[in-house]
Amino acid sequence: MPFSHRHVVLGVSGGIACYKSCFLARRLTEAGATVDVVLTAAAAEFVRPVTFEALTGRPVLTSLWERGGGRALAHIDLAKEPDLVIVAPATANLLARAAMGMADDLLTALLLARARRLVLAAPAMNDDMYANPATTANIKTLESRGWHFIGPESGALAEGPSERPGRMSEPDAIFAAAAQLLEQGDNPGKSKWSGKRVVVTAGPTREHLDPVRVITNPSSGRMGYALAEAARARGADVVLVSGPTELTPPAGLKTQHVETTEQMQQAVQGLVGSADALIMSAAPADYRPATQSAKKRPRSNGAFTLELEATPDILGSLTRRKGMVVVGFALETGNGLANARSKMQNKALDYVILNDATEPGAGFEVTTNRVTILGPGGKQVDLPLLPKRDVADRILDVVEEAL
Ligand SMILES: Cc1cc2nc3c(=O)[nH]c(=O)nc-3n(C[C@H](O)[C@H](O)[C@H](O)COP(=O)(O)O)c2cc1C
Numbered sequence: 006m007p008f009s010h011r012h013v014v015l016g017v018s019g020g021i022a023c024y025k026s027c028f029l030a031r032r033l034t035e036a037g038a039t040v041d042v043v044l045t046a047a048a049a050e051f052v053r054p055v056t057f058e059a060l061t062g063r064p065v066l067t068s069l070w071e072r073g074g075g076r077a078l079a080h081i082d083l084a085k086e087p088d089l090v091i092v093a094p095a096t097a098n099l100l101a102r103a104a105m106g107m108a109d110d111l112l113t114a115l116l117l118a119r120a121r122r123l124v125l126a127a128p129a130m131n132d133d134m135y136a137n138p139a140t141t142a143n144i145k146t147l148e149s150r151g152w153h154f155i156g157p158e159s160g161a162l163a164e165g166p167s168e169r170p171g172r173m174s175e176p177d178a179i180f181a182a183a184a185q186l187l188e189q190g191d192n193p194g195k196s197k198w199s200g201k202r203v204v205v206t207a208g209p210t211r212e213h214l215d216p217v218r219v220i221t222n223p224s225s226g227r228m229g230y231a232l233a234e235a236a237r238a239r240g241a242d243v244v245l246v247s248g249p250t251e252l253t254p255p256a257g258l259k260t261q262h263v264e265t266t267e268q269m270q271q272a273v274q275g276l277v278g279s280a281d282a283l284i285m286s287a288a289p290a291d292y293r294p295a296t297q298s299a300k301k302r303p304r305s306n307g308a309f310t311l312e313l314e315a316t317p318d319i320l321g322s323l324t325r326r327k328g329m330v331v332v333g334f335a336l337e338t339g340n341g342l343a344n345a346r347s348k349m350q351n352k353a354l355d356y357v358i359l360n361d362a363t364e365p366g367a368g369f370e371v372t373t374n375r376v377t378i379l380g381p382g383g384k385q386v387d388l389p390l391l392p393k394r395d396v397a398d399r400i401l402d403v404v405e406e407a408l
């Protein structure tokens with residue numbers, strides 16, 4: 006068990022997601038970790054220290070100037086002693102202070118003194134704050150110094166629903182990421198994904214009838230973005246090939262933006278020569294107008310017949326690198342297993358991830374998914390309904406056996 010006899014510092018900065026950190030503190034404690042909670046002054050406005058004290062059974066520290074357990078240098082001890090420091094939620098302000106190397110309260114001081122030891126941060130903020138280049142740059146800086154990140158997710162924020170990332174990952178997902186980090190330690194070489202070149206496709210494609218009208222589908226790109234982020238978190242060198250989406254690409258990986266299926270095919274073909282794994286989670290359009298009008302077609306009252314032709318078959322036309330693991334997605338609307346199995350065979354896939362567009366909470370436009378993973382030798386793994394980021398981790402857990 007990764008947490009038994011482990012010492013974890015849970016740093017909590019001042020965002021509305023502080024309440025979720027109570028669940029995380031409890032899970033870590035129940036799993037056998039000694040959990041020291043450090044609150045920023047803003048965090049203590051959201052959740053009183055006594056709540057965390059009751060959950061962890063340990064004194065909570067909130068200031069550089071209090072004698073934590075009689076220790077004058079608590080910020081140094083708490084930097085050096087723990088196996089892992091988790092910052093959840095990590096506010097925009099906390100990330101900015103840490104990226105600048107500031108040490109003006111206990112949490113930032115211990116993070117600065119921790120230098121290259123394990124830190125896992127779960128950002129949580131308003132979607133515009135997260136998309137702000139200042140925040141993106143701060144996260145990149147911290148990643149380059151060895152911090153690990155989980156999330157944020159898209160979905161409901163305190164101010165209402167959002168399609169864009171900002172919402173803190175769920176405590177269970179943070180717990181799982183922390184467990185994985187503790188197992189692999191400061192040496193990501195222990196992860197099977199470490200250093201592997203992974204290409205992930207995501208989102209829909211668009212095929213133009215004329216300059217203002219397109220054929221497309223409601224894919225949000227969330228499943229692919231979650232897979233790219235999960236592979237990146239495991240140390241893979243990830244390139245995301247993304248159709249048009251509203252999502253902000255996860256930090257720490259390269260993104261190629263494409264619009265049409267043909268462009269996606271060309272981008273993928275250009276990347277797979279050196280890839281160890283290809284994960285095709287995009288929903289490219291299968292058909293495009295046989296002819297495109299250079300000008301907007303005027304409206305007329307009569308019927309309009311549109312002739313369609315097939316777009317290039319990305320997987321079918323691919324020159325594959327020997328040994329590359331290929332994962333495809335099958336989005337079905339009934340008779341899923343049979344269709345997914347024949348797709349696996351026809352397209353020579355190593356794994357197929359089956360999801361059903363008609364099932365509540367699965368498929369397009371939602372933040373959750375319920376998938377069945379089909380693998381070599383008749384392997385079948387049925388997963389429950391989970392947030393897409395968790396589904397991504399479970400898929401990688403299965404696929405890594407082929408790496
Ligand atoms: C009700 C409320 C909710 C807030 N939620 C967040 C949040 O989710 N993420 C964030 O980055 N800042 C949030 N803030 C702003 C931070 O509390 C503020 O930037 C503070 O200075 C953070 O301090 P800290 O990083 O030292 O904890 C919120 C403020 C208020 C009043």
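Letter 175 of the sequence shown, counting from 1, is numbered 180 in my numbering, and no numbers are missing.
We put the CB at the ideal spot given by N, CA and C, even for glycine.
Residue i versus residue j: straight-line alpha-carbon distance, rounded
i: Tyr135; j: Leu232; result: 19 Å
i: Thr324; j: Leu117; result: 47 Å
i: Lys25; j: Phe57; result: 11 Å
i: Gly339; j: Val52; result: 47 Å
i: Glu234; j: Pro170; result: 12 Å
i: Gly366; j: Ala181; result: 22 Å
i: Thr250; j: Val204; result: 17 Å
i: Glu188; j: Pro7; result: 6 Å
i: Arg122; j: Leu89; result: 8 Å
i: Ile21; j: Ala126; result: 16 Å
i: Asn160; j: Leu390; result: Rather than Asn, the amino acid found at residue 160 in this sequence is Gly. The straight-line gap from Cα to Cα measures roughly 16 Å.
i: Ala30; j: Gln270; result: 45 Å
i: Glu370; j: Ala184; result: 30 Å
i: His213; j: Thr221; result: 9 Å
i: Lys384; j: Thr363; result: 24 Å
i: Leu162; j: Asn131; result: 7 Å
i: Ala36; j: Asp402; result: 21 Å
i: Lys145; j: Val246; result: 20 Å
i: Ala315; j: Gln274; result: 18 Å
i: His80; j: Asp110; result: 9 Å
i: Pro254; j: Asn137; result: 13 Å
Rounded distance between the beta-carbons of residue j and residue i, thought under 8 Å
i: Val357; j: Ala343; result: With 8 Å as the limit, Val357 and Ala343 do not qualify as a contact, their Cβ atoms being about 12 Å apart.
i: Val332; j: Asp355; result: 7 Å
i: Val43; j: Leu147; result: Not confirmed; about 17 Å, so no contact.
i: Trp198; j: Arg172; result: Actually they are not in contact, since the Cβ atoms of Trp198 and Arg172 sit about 25 Å apart, beyond 8 Å.
i: Thr377; j: Val386; result: 7 Å
i: Arg237; j: Leu252; result: 14 Å between Cβ atoms; not a contact.
i: Asp281; j: Met349; result: Not really, about 20 Å apart at Cβ, beyond 8 Å.
i: Val92; j: Val65; result: At roughly 15 Å, the Cβ-Cβ gap does not stay under 8 Å, so Val92 and Val65 are not in contact.
Reference residue i, options the options, closest by Cα
i: Thr206; options: Arg218, Ser174 and Ala272; result: Ala272
i: Ala335; options: Gly307, Leu313 and Gly380; result: Gly380
i: Asn143; options: Leu111, Leu99 and Gln185; result: Leu99
i: Glu264; options: Arg304, Pro209 and Gly278; result: Pro209
i: Gly226; options: His213, Pro289 and Lys301; result: Pro289
i: Ala241; options: Leu283, Gly275 and Thr253; result: Leu283
i: Lys301; options: Val219, Ile155, Asn137 and Thr372; result: Val219
i: Thr96; options: Val403, Thr45 and Glu35; result: Thr45
i: Val14; options: Ser149, Asp82 and Asp395; result: Asp82
i: Val40; options: Gly19, Cys23, Val243 and Pro87; result: Pro87
i: Asp393; options: Arg32, Thr141 and Gly156; result: Here residue 393 turns out to be Lys, not Asp, going by the sequence shown. Looking at the Cα atoms, Gly156 is the closest of the given residues.
i: Val217; options: Lys201, Gln297 and Ser196; result: Gln297
i: Gly248; options: Pro255, Gly229 and Leu258; result: Gly229
i: Arg293; options: Val55, Met285 and Pro317; result: Pro317
i: Ser9; options: Ala38, Met107, Asp395 and Ala104; result: Ala38
i: Met105; options: Ala295, Pro128, Val243 and Ala139; result: Ala139
i: Arg326; options: Gly382, Arg202, Pro303 and Gly368; result: Arg202
For residue i, three-class secondary structure by DSSP
i: Asp132; result: helix
i: Ile400; result: helix
i: Asp395; result: helix
i: Met105; result: helix
i: Val277; result: helix
i: Asn351; result: helix
i: Arg293; result: strand
i: Ile144; result: helix
i: Thr260; result: strand
i: Phe28; result: helix
i: Arg11; result: coil
i: Asn360; result: strand
i: Gly382; result: helix
i: Ala238; result: helix
i: Glu267; result: helix
i: Arg375; result: coil
i: Ser247; result: strand
i: Ala161; result: strand
i: Gly226; result: coil
>> Quick check for students: name the residue ranges of the alpha helix (DSSP H) that lie wholly in the segment 297–343, counting only runs of 4 or more.
In response: none
> Along the chain, which unbroken stretches of the beta strand (DSSP E) at least 3 residues long are found entirely within the segment 164–216?
Replying inline: 165–172, 202–207 and 212–215
> In the segment 36–94, which residue ranges form an unbroken alpha helix (DSSP H) of at least 4 residues, counting only runs that do not cross its ends?
Replying inline: 46–51, 54–61 and 79–85
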